Amino acid sequence: MRDITIFDTTLRDGEQSPGCSMYLDEKVTMARQLERLGVDVVEAGFPFASEGDFNSVAAVAAELRSSKVAALCRTVPSDIERAAEALKEAKHSRIHTFVATSDIHLEYKLKRSREDVLKMTDTAVRKARDHADDVEFSAEDATRSDVDYLCRVLETAVNAGASVINVPDTVGYTLPSEFGQLIRTIKERVVGNSDVKISVHCHNDLGLAVANSLAAVEAGASQVECTINGIGERAGNASLEEFIMALAVRQDRLPYSTNIDTTQLYPSSRLLSSIVKFDVQPNKAIVGRNAFAHEAGIHQHGVLSNPLCYEIMTPESVGVPKNSIVLGKHSGRHALLSRYAELGITIDDADIGEVYTRFAALADRKKNVYDQDLLAIAPQNIPAVLAA
Ligand code: KIV
Ligand code: ZN
Numbered sequence: 010m011r012d013i014t015i016f017d018t019t020l021r022d023g024e025q026s027p028g029c030s031m032y033l034d035e036k037v038t039m040a041r042q043l044e045r046l047g048v049d050v051v052e053a054g055f056p057f058a059s060e061g062d063f064n065s066v067a068a069v070a071a072e073l074r075s076s077k078v079a080a081l082c083r084t085v086p087s088d089i090e091r092a093a094e095a096l097k098e099a100k101h102s103r104i105h106t107f108v109a110t111s112d113i114h115l116e117y118k119l120k121r122s123r124e125d126v127l128k129m130t131d132t133a134v135r136k137a138r139d140h141a142d143d144v145e146f147s148a149e150d151a152t153r154s155d156v157d158y159l160c161r162v163l164e165t166a167v168n169a170g171a172s173v174i175n176v177p178d179t180v181g182y183t184l185p186s187e188f189g190q191l192i193r194t195i196k197e198r199v200v201g202n203s204d205v206k207i208s209v210h211c212h213n214d215l216g217l218a219v220a221n222s223l224a225a226v227e228a229g230a231s232q233v234e235c236t237i238n239g240i241g242e243r244a245g246n247a248s249l250e251e252f253i254m255a256l257a258v259r260q261d262r263l264p265y266s267t268n269i270d271t272t273q274l275y276p277s278s279r280l281l282s283s284i285v286k287f288d289v290q291p292n293k294a295i296v297g298r299n300a301f302a303h304e305a306g307i308h309q310h311g312v313l314s315n316p317l318c319y320e321i322m323t324p325e326s327v328g329v330p331k332n333s334i335v336l337g338k339h340s341g342r343h344a345l346l347s348r349y350a351e352l353g354i355t356i357d358d359a360d361i362g363e364v365y366t367r368f369a370a371l372a373d374r375k376k377n378v379y380d381q382d383l384l385a386i387a388p389q390n391i392p393a394v395l396a397a
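The sequence shown: position 16 = 25 (the working numbering), numbered continuously.
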C-alpha cells in the first residue's frame, strides 16, 4: 500500500467559489472538522489577499495540532512574508507558493518571460523554506504548459528546496490518460529517486477532477488536493469524498492508503453545507440526499434482502445514519411492508392487497409517500400512539 497525502483546500480554493465565503469562526469550525476527518494538510487561505484571510489563516494555525496548516502565496516576497506571519502559531506549517507556467498566462497575465519565472521560482522557494516546516511549489496552469519548460520550472523549485511539487489542472482541461502520462514524465525527469512528492490539484470543468486525480495517483502522485463537496473555482475541485471512497471501494485496483476516517465524510459535508448555506445536488455521489436512496420496487426488494445487491458501500461507512428507502409509485410490496414494520405495524396477509392498492393510488398522485400517509391508509389496527 502506498500512502497518499490528503491536502484539503476547502477553506482556500473552495472559499473562492461564488457564494462560499466563510467567516473566521466558521473557518475554524470547519478546520476542526477537517482535522477530525483525518486530513493531512489544511490549506487555510491566502493571507496576502485580505486582512480577513490573514486572520483566518492565523486562527486556524493556532487551532490545529495534528493536521499541517498551509498558507498560499504568489512567488512575491511580500506575499511570502505575510504567509509566514500568519503561520507563526502553527504546530506544523507549510508555505504554498505558486506561479503560472503556461505561455498564455505568462504573456497575458504575468507579462513575464520564461526566464523571469524561473528566477521568481528560485527566489521564492529559497525565501519560503526559512519560514515554514516545508514548502510546496505549484506551477499554475501546468496542464497547458510546454512540458519541457514545466519540468525546468519544477526542477528549479526542487533545487531551491521545495519538497512538494504540485501539478494543477487549473482550468480543468486535461484527460485521465494524458494527465497520467504527464505525471509519469515529471516523476522520471524531475523527481527521480528523491523524496520529493508529486501533488495534483484538479478542477472539474469537464467533470473529470476525480478521474484525473486517480489517474495521477496511479502514475505516481502521492498528494491529492481536494475539497469537501467538491466546491472551488467555477465547476469546483476534485471532491474529497468521491476520491476517498473510490480508493476505499476499489482497493482491488487502487492499493493506496490515507489517514481519512470515512465515517466523518458525511458529517463534514453536512457541516460545510450548513456553513455556506447551500446543499449539494440530490444525486451527488457519496453525500447527496439520494446517494443511498432506492425508489424502484426491484431495487428496494434487492436492498432489503441484501444491501450489496445495489449498494457498493454502506451508508454507515461514510457516516450516513442508514439507507433511506423512498416510497413512490415504483415501489413494491416488500418495501411497503418493511416500512410498516419499521413503524411497528404488521399488515395481516388478508389486508396486504387492499393496503397496496391504496398505496399505489396515493403514490400515483404524490411524488413521495411519507410515514404519515402510510399511517392514514393503513387498516384500523394501527396502534393509537402512532396514529396520533
Ligand atoms: O487551480 C490552481 O492552479 C490553484 C493553484 C493556486 C494551486 O488553485
Ligand atoms: Zn485551484
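Each residue gets a CB set at the ideal place from its N, CA and C atoms; glycine is no exception. Since the structure is predicted, the reported quantities are computational estimates derived from the model, not experimental observations.
Please look up how many angstroms separate the CB atoms of residue i and residue j, rounded, as I've assumed it's under 8 Å.
i, j, result
"residue 377", "residue 336", "7 Å"
"residue 208", "residue 175", "4 Å"
"residue 248", "residue 239", "3 Å"
"residue 134", "residue 169", "4 Å"
"residue 114", "residue 149", "7 Å"
"residue 341", "residue 309", "6 Å"
"residue 96", "residue 126", "Actually they are not in contact, since the Cβ atoms of residue 96 and residue 126 sit about 25 Å apart, beyond 8 Å."
"residue 313", "residue 347", "5 Å"
"residue 129", "residue 84", "4 Å"
"residue 217", "residue 19", "Residue 217 to residue 19, Cβ: 20 Å. No contact."
"residue 98", "residue 71", "4 Å"
"residue 272", "residue 233", "Rounded, the Cβ-Cβ distance is 20 Å, inconsistent with contact."
"residue 29", "residue 285", "5 Å"
"residue 141", "residue 177", "The Cβ separation is near 20 Å, so there is no contact."
"residue 136", "residue 86", "6 Å"
"residue 16", "residue 37", "That belief does not hold up - the Cβ atoms of residue 16 and residue 37 are roughly 19 Å apart, past 8 Å."
"residue 364", "residue 385", "Their Cβ separation, rounded to whole angstroms, is 11 Å, which puts residue 364 and residue 385 out of contact at 8 Å."
"residue 107", "residue 147", "4 Å"
Measuring CA to CA, which of the options is closest to residue i?
i, options, result
"residue 269", "21, 19, 44", "44"
"residue 220", "185, 246, 235", "185"
"residue 283", "182, 56, 39", "39"
"residue 11", "152, 388, 226", "226"
"residue 212", "264, 24, 159, 241", "241"
"residue 69", "83, 52, 272", "52"
"residue 203", "26, 229, 345", "229"
"residue 351", "383, 339, 112, 388", "383"
"residue 144", "271, 82, 155, 201", "82"
"residue 5", "244, 224, 374", "Only positions 10 to 397 of the chain appear in this structure, which leaves residue 5 out of reach."
"residue 275", "366, 173, 260, 295", "295"
"residue 302", "167, 159, 324, 289", "324"
"residue 154", "179, 189, 252", "179"
"residue 366", "161, 338, 56", "338"
"residue 334", "373, 379, 371, 356", "379"
"residue 41", "16, 24, 76", "76"
"residue 110", "140, 104, 118", "118"
"residue 344", "104, 307, 244, 167", "307"
"residue 22", "315, 243, 166", "243"
"residue 47", "33, 262, 26, 266", "266"
"residue 171", "26, 215, 139", "139"
"residue 105", "26, 78, 162", "78"
Would you say residue i lies against chain C (beta-carbon separation less than 9 Å)?
i, result
"residue 381", "Within the model displayed, chain C is absent; a lone protein chain is all it includes."
Check: At which residue ranges does the segment 33–93 contain complete alpha helix (DSSP H) runs of 4 or more residues, listed in the order of the chain?
Finding: 33–46, 60–72
Checklist line | Residue ranges of each alpha helix (DSSP H) within the segment 285–315, 4 or longer | finding: 306–314
Next item on the list: Would you list, in sequence order, the uninterrupted alpha helix (DSSP H) runs of no fewer than 4 residues that lie entirely inside the segment 99–143?
Entry: 123–137
Item checked: Entirely enclosed beta strand (DSSP E) segments - the segment 167–221, minimum 3 residues -> 173–178, 206–211
Note to self: If we require 4 or more residues per run, which alpha helix (DSSP H) segments fall completely within the segment 349–386?
What the structure shows: 358–374, 380–386
Item checked: Sequence ranges, alpha helix (DSSP H) only - wholly within the segment 249–275, length at least 4 -> If we require 4 residues or more, the alpha helix (DSSP H) runs fully inside the segment 249–275 come out as 249–258.
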